[in-house]
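**Q** Numbering (this note's numbering), first residue to last: 1 to 504.
For each residue, glycine too, the CB sits at the ideal point set by N, CA and C.
Values in this document were obtained by computation on a predicted structure and should not be read as measured data.
The following block contains the structure, expressed as structure tokens.
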């Protein structure tokens, strides 16, 4: 069965409220066991859209859904917000515990997020807008406010901005061809979903969008993302699985995810893992993608409060240009940590517990990155739980030669660390292999590794800008082996190590 929203009284023009007409069209499909709803060319103003099972929505070429920006038009619903299960404003398009849902076409879905974004200064000063809905959320979320915990304290617990599209505990989902833009919060959010295909979608948010992620895959599995374009104000594509105690309580990993043939512009990261990784993230491949002007390219971030794991990650055939730092793995991510807990940012080894995160088995191959601005790569584990088994194969990274480039933070570690035109830095790693890696820096060594073990440098052809600067520095690295290095000058000045070093 195929019907048009016009058949139920919808009117184009961008001024008539089509909320009821769209709801009636969807309800008609539901009563008949499923169907297809057509949104024809034209601009249609609407409030929230509640999806149902066995539903296809097609936005025809020239169609544009424009969502109202009156906060109280979006009722309280169960959601997951920044890693916590709680109640928040309904996502603008919302599906809860559904099967067989498709949204496709050539049209545009516009969240009109600007009014939501403009409330952020008031929220941060604990002066969130008082509305009927915020009073309701205050009541519902009384037990969901976590004192002295991460993230949720940083926002008013009653003004949790909604994503543009959220599918919560849904199976067999397809999103194809459409444009999703101007979301109040994250653009598209998959929570507890299984068997999802996303193809040919444009995710678009302005550069100044607060928390303007493109796609967040959250405790979901069997997800395939292909041929998509991201141009957003925060992370382009992010994999998550809940935060801290709440994420460990639910214990659902994000797993079996394929990302391929995508382009990522701007934003804080191209493909990002965490920092909400408390339920675990595993079995992810990223391939055949282009990152242009993102702050980081591939980014893994976690900290001592998260627990969980990020493991079995494969990244291959990636082109990057003008990226601040192409690769980062950071177990000391400082954003939102509890300032009253000194262990969160301490270099001292602490006892391992359920809060200790694990990062292991990271494979990165066939990468070309040019115009890097801060550092070629940045890997920082924990003294009690080093990053394990990282393999870089056929990787070429060239830092910008611009002498005016000031660089920035390669990642938000325990304290601010600014780099510019630097090489690869690693600390607290067990099992690092570089094979056919070429790093060209503007200043400093190409590779610095500290407090690590089992380091293999095979056919590394990196060079230092200045002859008096060692190309490779190994500080407190045990079981290090170098083979096939092309020495820029003498071996003694090429590699500096304060421990025995095996070479061939």
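With H, G and I counted as helix, E and B as strand and the rest as coil, what does DSSP make of residue 36?
**A** strand
**Q** When you compare each of 376, 274, 352 to residue 383 by their alpha carbons, which one comes out closest?
**A** 352
**Q** Between the alpha carbons of residue 88 and residue 41, how many angstroms are there, rounded?
**A** 32 Å
**Q** Determine whether the beta carbon atoms of residue 168 and residue 79 lie at a separation below 8 Å.
**A** Their beta carbons are under 8 Å apart, which means residue 168 touches residue 79 by this criterion.
**Q** Any idea what DSSP makes of residue 12, helix, strand or coil?
**A** Residue 12 falls in the coil class under three-state DSSP.
**Q** State the start and end residues of the unbroken alpha helix (DSSP H) segment that holds residue 19.
**A** 19-31
**Q** Give the DSSP bridge partners of residue 117, in chain order.
**A** Beta-bridge pairing links residue 117 to no other residue.
**Q** With which residues is residue 315 paired in a DSSP beta bridge?
**A** In DSSP, residue 315 forms a bridge with 286, 364.
**Q** Is residue 25 buried or exposed, if buried means 16 or more other CB atoms sit within 10 Å of its CB?
**A** buried
**Q** According to the neighbour-count rule (16 or more other Cβ atoms, all chains shown, within 10 Å of its Cβ), is residue 279 buried or exposed?
**A** buried
**Q** Go through its chain and collect everything with a Cβ distance to residue 299's Cβ below 6 Å, but skip five positions before and after it.
**A** Correct list, in chain order: 269, 272, 328.
**Q** Could you have a look at residue 73 and say whether DSSP puts it in helix, strand or coil?
**A** helix
**Q** Could you pull out every unbroken alpha helix (DSSP H) segment of at least 4 residues lying fully inside the stretch 148-234, listed in chain order?
**A** none
**Q** Would you list the residues sitting across from residue 50 in a DSSP beta bridge?
**A** 94
**Q** From the DSSP output, in three-state form, read off residue 410 for me.
**A** coil
**Q** Among 251, 31, 175, which residue has its Cα nearest to the Cα of residue 104?
**A** 175
**Q** Take residue 116 and list the residues in its own chain whose beta-carbon comes closer than 6 Å to its own, dropping the five residues that flank it on each side.
**A** Same-chain partners within the cutoff: 161, 184.
**Q** Taking the beta carbon of residue 503 as the centre, do at least 16 other beta carbons fall within 10 Å, making it buried, or is it exposed?
**A** exposed
**Q** Compute the distance between the beta-carbons of residue 232 and residue 204, then report whether it is under 8 Å.
**A** yes
**Q** From which residue to which residue does the beta strand (DSSP E) around residue 397 run?
**A** 387-399
**Q** Buried or exposed: where does residue 18 fall if 16 or more other Cβ atoms within 10 Å of its Cβ makes it buried?
**A** buried
**Q** Mind listing, in chain order, the continuous beta strand (DSSP E) runs of no fewer than 3 residues lying wholly within the stretch 416-445?
**A** 422-427, 429-440
**Q** If you follow the beta strand (DSSP E) that residue 454 is in, where does it begin and where does it stop?
**A** 447-458
**Q** Where do the N-terminal and C-terminal ends of the alpha helix (DSSP H) with residue 61 fall, by residue?
**A** Residue 61 -> no alpha helix (DSSP H), and no H or E assigned at all.
**Q** Is residue 179 near residue 220, with beta carbons less than 8 Å apart?
**A** no
**Q** Helix, strand or coil: which one does DSSP assign to residue 343?
**A** DSSP, read as helix, strand or coil, puts residue 343 in helix.
**Q** With a CB to CB cut of under 8 Å and the five nearest residues on each side skipped, what residues in its chain are close to residue 412?
**A** 301, 330, 333, 334, 335
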